[in-house]
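J.: Numbering (the UniProt record's numbering), first residue to last: 1 to 803.
Backbone N, C-alpha and C define an ideal beta-carbon position, used for all residues, glycine too.
Have a look at the structure that comes next, please.
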DNA sequence: GACCAGTGTTCATGT
DNA sequence: AACACTGGTC
């Protein structure tokens with residue numbers, strides 16, 4: 001195997017000097033970068049240099065004097081993408097990228113609302129609920145309304161509310177057609193009231209509030225429309241209805257500001273959370289886009305990988321139409337591996353990854369992708385046992401860890417004691433004698449007076465009430481103690497006075513949690529020093545509050561009486577408030593082993609936008625990928641296919657596809673058939689490391705057994721080209737051994753055959769899945785349908801074959 | 001009210 | 001298999 005030299009073939013050198021901005025850019029890219037200042041739609045295929053086009057355009061616009069840093073807004077979906085854009089831009093031009101309006105939709109909305117909190121009807125220090133906070137807040141509402149929690153599941157209601165907000169619908173805008181919906185709307189309303197009382201907003205609220213303010217306040221709207229002459233939107237295919245409407249507030253179609261929308265309909269993988277690919281077509285029509293520029297030249301992957309991607313996505317019907325091409329040769333074939341179990345799959349892939357590493361590939365250039373997070377565990381444990389460094393993205397992220405959330409809750413209470421979500425999270429953690437009964441009384445009192453829990457403590461007398469008083473006293477005294485301290489000192493103080501640190505020091509499993517709390521202090525330190533707690537969180541550039549802006553129609557309320565923006569930076573929030581916002585908006589990677597050369601594990605969704613030299617796509621099985629929940633509707637399968645397309649196009653040099661016959665799920669073994677996507681890939685680009693198999697008890701297994709019975713065995717199949725070379729035959733050994741074992745058992749227990757039916761006196765009819773062992777050890781795995789999958793000792797169980 | 005053991009539920013994807 | 005929730009006991 002040979003790997004082409006890295007970096008010179010695929011990574012064009014970044015244009016460092018400003019004069020060289022347009023060097024090494026292909027004609028398509030050049031057309032996009034230097035497009036006239038009018039609405040543009042760029043169809044950017046995977047690996048076509050999309051980010052480069054975006055950043056180069058921004059740099060070019062500024063360099064040619066068409067726009068000032070303050071006159072443009074660039075919006076992305078992920079923090080990662082926003083950060084990358086800022087970094088690259090900073091490398092191209094000597095500008096203060098932090099002050100620019102470059103960020104995620106939510107980050108920019110947050111910044112906007114921080115500036116106009118009063119106009120938006122928010123308290124100045126409003127805090128942001130993450131999804132789990134939001135769910136628990138909704139749970140409280142449902143309880144308070146004394147509704148059936150089985151019928152109104154907080155998670156589902158949360159989804160309902162978020163969906164409504166993404167449609168820009170307030171409770172009053174929804175016309176319920178049934179009792180269930182009517183109640184959901186009532187919960188939505190009560191939840192909104194509660195959020196308002198507590199001074200918190202959820203993710204969807206950030207967007208909606210920002211949109212409504214622009215919609216309803218003409219002076220503000222016109223100010224921003226004048227200010228932003230250029231708007232650039234990344235991943236346009238992922239925008240939802242509200243985000244598109246939001247964009248139109250900044251740049252209404254009639255005014256013909258230069259909206260530069262970049263997207264790829266083939267990479268639309270967020271329909272499940274409201275993304276509308278249709279926004280691309282709508283945009284083209286509504287903004288009267290005269291020319292759509294397609295970026296189809298791929299600089300990332302070799303031909304076989306690209307052919308696979310192109311052919312796969314060709315099976316989708318609703319496409320704008322686009323075909324990636326490359327100048328690189330065909331490269332290595334796409335390798336396909338069929339494993340006997342998820343364990344074997346993991347084992348194989350880490351061996352292969354090790355081999356790649358030995359051949360000089362950095363571990364961080366190897367990615368293992370899966371459809372859902374649950375699949376990572378087996379792979380993780382295999383990597384762990386083999387002693388291979390790895391890094392898992394997604395799953396439980398840093399700011400989502402229980403101990404970190406506890407600490408953050410205390411910190412939030414310092415800023416805003418009326419945050420009931422935080423109050424409830426820590427009021428009795430560590431335990432301080434405040435039980436469910438007391439909390440209930442407190443909640444009743446709060447509800448009756450329409451005040452927060454914190455404000456209602458005085459109303460609850462009795463022994464529990466005293467403990468409550470002690471708790472609020474603790475919060476208040478901590479607030480006093482931390483006046484004027486640095487962020488680091490504040491957190492250290494809070495960890496001690498709250499008793500959190502003490503609790504974890506005494507807890508026998510608390511070491512790791514203590515470490516994470518230490519990590520929280522580090523994160524805060526890094527936030528203050530490196531990031532200058534700017535970015536999404538705060539950093540309102542001074543110009544934001546300039547007298548000019550106010551004169552132009554901002555009510556004086558924009559600059560609240562009780563604060564003075566920092567003379568130097570214009571920052572208007574305390575470091576603590578800024579850090580809390582940062583924590584909500586950026587869940588943070590799980591920072592373990594950051595910086596180490598480690599194999600990268602992540603879901604396909606989180607791999608979007610990334611690229612690696614070698615990519616393993618695992619668990620390519622029906623029901624898993626495509627996921628079973630998507631199979632019911634046609635659009636669902638198309639989205640899964642796009643997801644697969646995204647996965648394939650992550651690979652530069654090497655692509656591996658693998659699947660397993662059996663897999664542990666929900667603690668049960670499931671039997672899977674290989675994904676339909678295999679039938680949609682070009683045969684010529686694939687190389688099967690294991691012989692083809694159509695499924696259980698058929699295909700290869702049958703062919704193999706036939707060959708075996710002819711006495712020629714595996715050899716004849718190798719000769720027939722079904723198994724490419726003996727070196728790789730080593731891989732499917734478990735299977736051939738299984739087949740051999742099955743033959744033996746079959747001989748012993750006459751007539752039993754894998755894939756045939758069997759009858760058991762107690763469980764009835766079942767399908768024979770596996771035969772193993774001999775004599776006393778002989779055992780069979782049988783799927784009895786409603787009785788489930790069972791392992792049976794053949795020396796005991798009476799199994800009779802059915803024909 | 002704290003703590004433990006046993007039971008039930010979830011594993012789609014993210015700001 | 002891992003975790004959240006429930007009910008019983010001290």
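Counting only the same chain and skipping the five closest in sequence on each side, list residues whose C-beta sits under 6 angstroms from that of residue 55.
T.: 85, 88, 89
J.: Look up residue 637 in the DSSP assignment and say whether it is helix, strand or coil.
T.: Annotated three-state conformation of residue 637 is helix, per DSSP.
J.: Count the other C-beta atoms from every protein chain shown that fall within 10 angstroms of the C-beta of residue 805, then say buried if there are 16 or more, exposed otherwise.
T.: There is no way to answer for residue 805, as the model of the chain reaches only from 1 to 803.
J.: Ignoring anything shorter than 3 residues or poking outside the stretch 143–217, list the beta strand (DSSP E) runs there in chain order.
T.: As far as the stretch 143–217 is concerned, its whole beta strand (DSSP E) runs of at least 3 residues are 200–202.
J.: Which residue wins for smallest C-alpha separation from residue 517, given the options 410, 459, 467?
T.: 410 is the residue among 410, 459, 467 whose C-alpha sits nearest the C-alpha of residue 517.
J.: If we count the other Cβ atoms within 10 Å of its Cβ and call it buried at 16 or more, is residue 305 buried or exposed?
T.: Taking all protein chains shown into account, residue 305 has 16 or more neighbouring C-beta atoms within 10 Å of its C-beta and is therefore buried.
J.: Identify which residue in 23, 799, 780, 258 has its Cα closest to the Cα of residue 759.
T.: Comparing Cα-Cα distances from residue 759 to each of 23, 799, 780, 258, the minimum goes to 799.
J.: Counting pairs of Cβ atoms below 8 angstroms between the stretch 304–318 and the stretch 341–353, do you hit three or more?
T.: no
J.: Helix, strand or coil for residue 615 per DSSP?
T.: strand
J.: Out of 162, 45, 476, point me to the one whose CA is closest to residue 293's CA.
T.: 45
J.: Can you tell me the Cβ-Cβ gap for residue 237 and residue 277, rounded? I've got them flagged as a contact below 8 angstroms.
T.: 5 angstroms
J.: Return helix, strand or coil for residue 230, following the three-state DSSP convention.
T.: strand
J.: Where DSSP assigns a beta bridge to residue 434, which residues make up the other side?
T.: Residue 434 is not bridged to any residue.
J.: Whose C-beta lies closer than 7 angstroms to the C-beta of residue 413 among residues of the same chain, with five residues either side of it excluded?
T.: 419, 422, 423, 475
J.: Does DSSP classify residue 603 as helix, strand or coil?
T.: Three-state DSSP puts residue 603 in a strand.
J.: Are there 16 or more other CB atoms within 10 angstroms of the CB of residue 615, so buried, or fewer, so exposed?
T.: buried
J.: Which residue marks the beginning of the alpha helix (DSSP H) containing residue 801, and which one marks its end?
T.: No alpha helix (DSSP H) holds residue 801; the beta strand (DSSP E) holding it covers 799–802.
J.: So, are the CB atoms of residue 361 and residue 617 less than 7 angstroms apart?
T.: no
J.: Alpha carbon to alpha carbon, how far is residue 338 from residue 695? Give it in angstroms, no decimals.
T.: Only weak support exists for where residue 695 lies, its pLDDT of 39 falling under 50; the value from the coordinates is given anyway. Straight-line Cα distance between these residues: approximately 11 angstroms.
J.: Look at the Cβ atom of residue 367, then the Cβ atom of residue 625, and state whether they are nearer than 7 angstroms.
T.: no
J.: Once you ignore the five residues that flank residue 495 on each side, which residues in its own chain have a CB closer than 7 angstroms to its CB?
T.: 407, 501, 517
J.: Quick one: Cα of residue 801 to Cα of residue 686, how far?
T.: 38 angstroms
J.: Indicate whether residue 231 and residue 73 have their beta-carbon atoms separated by less than 7 angstroms.
T.: Yes.
J.: Can you give the beta carbon distance from residue 580 to residue 127, rounded, assuming they're within the 8 angstroms contact cut?
T.: Contact between residue 580 and residue 127 holds: their C-beta atoms lie close to 6 angstroms from each other, under 8 angstroms.
J.: Which residues in the same chain as residue 270 place their Cβ atom closer than 6 angstroms to its Cβ, once the five residues preceding and following it in sequence are excluded?
T.: 238
J.: Could you tell me whether the Cβ atoms of residue 467 and residue 435 are closer together than 7 angstroms?
T.: No. Outside cutoff.
J.: Could you spell out where the alpha helix (DSSP H) holding residue 660 opens and where it closes?
T.: From DSSP, residue 660 is part of no alpha helix (DSSP H) but of the beta strand (DSSP E) over 651–665.
J.: In whole angstroms, what separates the C-alpha of residue 438 from that of residue 176?
T.: Their backbone Cα atoms lie some 37 angstroms apart in a straight line.
J.: Could you please give the first and the last residue of the uninterrupted alpha helix (DSSP H) stretch that includes residue 241?
T.: 241–250
J.: So residue 313 and residue 650 are supposed to be a Cβ contact under 8 angstroms. How far apart are they, rounded?
T.: Wrong, their Cβ atoms sit about 14 angstroms apart, outside the cutoff.
J.: Could you have a look at residue 20 and say whether DSSP puts it in helix, strand or coil?
T.: Collapsing the DSSP output to three states places residue 20 in a helix.
J.: Spatial neighbours of residue 428 within its chain, please: CB distance less than 6 angstroms, with the 5 preceding and 5 following residues excluded, ordered by chain position.
T.: 434
J.: Which of helix, strand or coil does DSSP assign to residue 224?
T.: helix
J.: Pairing CB atoms from the stretch 203–210 with CB atoms from the stretch 53–69, are three or more of them under 8 angstroms?
T.: no
J.: Which runs of the alpha helix (DSSP H), 4 residues or longer, sit entirely within the stretch 393–442?
T.: Secondary structure in the stretch 393–442: the alpha helix (DSSP H) runs of 4 residues or longer, each lying completely within the stretch, are 402–415, 420–426 in chain order.
J.: Counting C-beta neighbours from all protein chains within 10 Å, is the total for residue 352 16 or more, i.e. buried, or is it exposed?
T.: Of the other Cβ atoms in all chains shown, 16 or more fall within 10 Å of the Cβ of residue 352; this residue is therefore buried.
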